[in-house]
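S.K.:
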Amino acid sequence: MATLLTAEQQAQGRELLTQFDHLEGYVPGEGSLDPVLVMVSEAPGRVEVAVGHPFQGPAGTELNRWLTELNLTRDQIYLTGAVRSRPVKLGATGRKSDRRPTRAEVEASAPWLDAELAQLQGHLLVPLGNTGLQRLLGPQAKISAVHGQIVKAPIRQWSVQDQRFVLSGSDYSIFPLYHPSYSRRFKKILPTVEADLAVLKQYLQAKQLV
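In the numbering used here, the protein residues as written are 36 to 245.
Set out below in structure tokens:
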């Protein structure tokens, strides 16, 4: 699978592992360079950093099911995320588990997601869950309020000069979905996810993208 990040950008991304104590591995965005849609997730998990590709294991299986419903394959989309290393926490026994990335980790990772999205302007963005959504639209955005609908809005981009997020100069088309891991854990949300996927499929068909 191809990535939009250069070798230098990937090396810079890996350098974050020296700046944060509780990140591990590195998984660049990957997929089509002219995708039907761009999925923006939270961060890779244990299986993803082990194999070096996004959405493996149970979450990957669920995502594959979604793509089948949308008449899409992985080589037709681009997969990326707010953070490209695995955020971990240590339990009492020293066992590692996944956690949500911190604000500092999201901000430090921002330039590489910005670099990818700058090359994907005009493509539909599909944030998965609150972290992906809030990386694009800000902390006031809630997946429970906007899932399953098209949002046209500027997205947040990291300003190195100001050391804060600023809004892009143009609008993006955004279709938020719950995260596949969430729908696996909470089966009661599955009917909502199925309805959202049906709306997304209709949108893509109307745009003649699938």
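Note that CB positions come from ideal geometry on N, CA and C, so glycine has one too.
Spatial neighbours of residue 162 within its chain, please: C-beta separation below 6 Å, excluding the five flanking residues on both sides.
M.R.: Cβ neighbours of residue 162 beyond the five flanking positions: 75, 168, 171 and 211.
S.K.: Would the region 38 to 55 and the region 88 to 104 be scored as touching if the rule is three or more Cβ pairs under 8 Å?
M.R.: In short, these stretches do not touch, since the Cβ pair count stays below three.
S.K.: With residue 108 and residue 64 assumed to form a contact (beta carbons below 8 Å), what rounded beta-carbon distance in angstroms separates them?
M.R.: Wrong, their Cβ atoms sit about 17 Å apart, outside the cutoff.
S.K.: Is the beta carbon of residue 187 closer than 8 Å to that of residue 208?
M.R.: Against a cut-off of 8 Å, the Cβ pair of residue 187 and residue 208 comes out as a contact.
S.K.: Run the CB neighbour count on residue 68, radius 10 Å, all protein chains shown included, and call it buried at 16 or more, exposed below.
M.R.: So residue 68 ends up on the exposed side.
S.K.: Kindly indicate which three-state DSSP category residue 112 falls into: helix, strand or coil?
M.R.: Residue 112 falls in the strand class under three-state DSSP.
S.K.: Do residue 118 and residue 134 have their beta-carbon atoms positioned less than 8 Å apart in this structure?
M.R.: Against a cut-off of 8 Å, the Cβ pair of residue 118 and residue 134 comes out as no contact.
S.K.: When we look at the beta-carbon of residue 164 and count the other beta-carbons within 10 Å, is it buried (16 or more) or exposed?
M.R.: Residue 164 comes out buried.
S.K.: Taking residue 70 and residue 111 to be in contact with their CB atoms under 8 Å, please state how far apart those CB atoms are, rounded to whole angstroms.
M.R.: Contact flag correct, Cβ pair sits at about 6 Å.
S.K.: When the Cα atoms are used, what is the spatial distance from residue 61 to residue 120?
M.R.: Roughly 5 Å separates the two Cα atoms.
S.K.: Thinking residue 174 and residue 77 are a contact (beta carbons under 8 Å), I'd like their distance in whole angstroms, please.
M.R.: At roughly 14 Å, the Cβ-Cβ gap does not stay under 8 Å, so residue 174 and residue 77 are not in contact.
S.K.: Going by DSSP in three states, residue 40 sits in which element: helix, strand or coil?
M.R.: Looking at residue 40 - three-state DSSP - the assignment turns out to be coil, as it is neither helix nor strand.
S.K.: Is residue 105 near residue 239, with beta carbons less than 8 Å apart?
M.R.: Yes, the Cβ-Cβ distance between residue 105 and residue 239 is below 8 Å.
S.K.: Is it buried or exposed for residue 178, if we count other Cβ within 10 angstroms and need 16 for buried?
M.R.: By the 10 Å Cβ count, residue 178 comes out buried.
S.K.: Spatial neighbours of residue 150 within its chain, please: CB distance less than 8 Å, with the 5 preceding and 5 following residues excluded, ordered by chain position.
M.R.: Closer than 8 Å at Cβ, skipping near neighbours: 39, 40 and 44.
S.K.: Have a look at residue 86 and residue 36 and give me their C-alpha separation to the nearest angstrom.
M.R.: Whole-angstrom Cα-Cα distance: 13 Å.
S.K.: I'd like the span of the beta strand (DSSP E) that includes residue 209, first residue to last.
M.R.: Segment 207 to 209, the beta strand (DSSP E) holding residue 209.
S.K.: Counting only the same chain and skipping the five closest in sequence on each side, list residues whose C-beta sits under 7 Å from that of residue 82.
M.R.: Answer for residue 82: 91 and 92, listed in chain order.
S.K.: Which class does residue 120 belong to by DSSP, given the choice of helix, strand or coil?
M.R.: Of the three classes helix, strand and coil, the one that applies to residue 120 here is coil, per DSSP.
S.K.: I need the straight-line Cα distance from residue 205 to residue 184, nearest angstrom please.
M.R.: One C-alpha to the other measures close to 19 Å.
S.K.: Between which two residues does the beta strand (DSSP E) carrying residue 234 extend?
M.R.: That residue, residue 234, is in no beta strand (DSSP E); its alpha helix (DSSP H) goes 225 to 241.
S.K.: Applying the criterion that 16 or more other CB atoms from any shown protein chain within 10 Å of the CB defines a buried residue, is residue 216 buried or exposed?
M.R.: Looking at its Cβ environment, which holds 16 or more other Cβ atoms inside 10 Å, residue 216 is buried.
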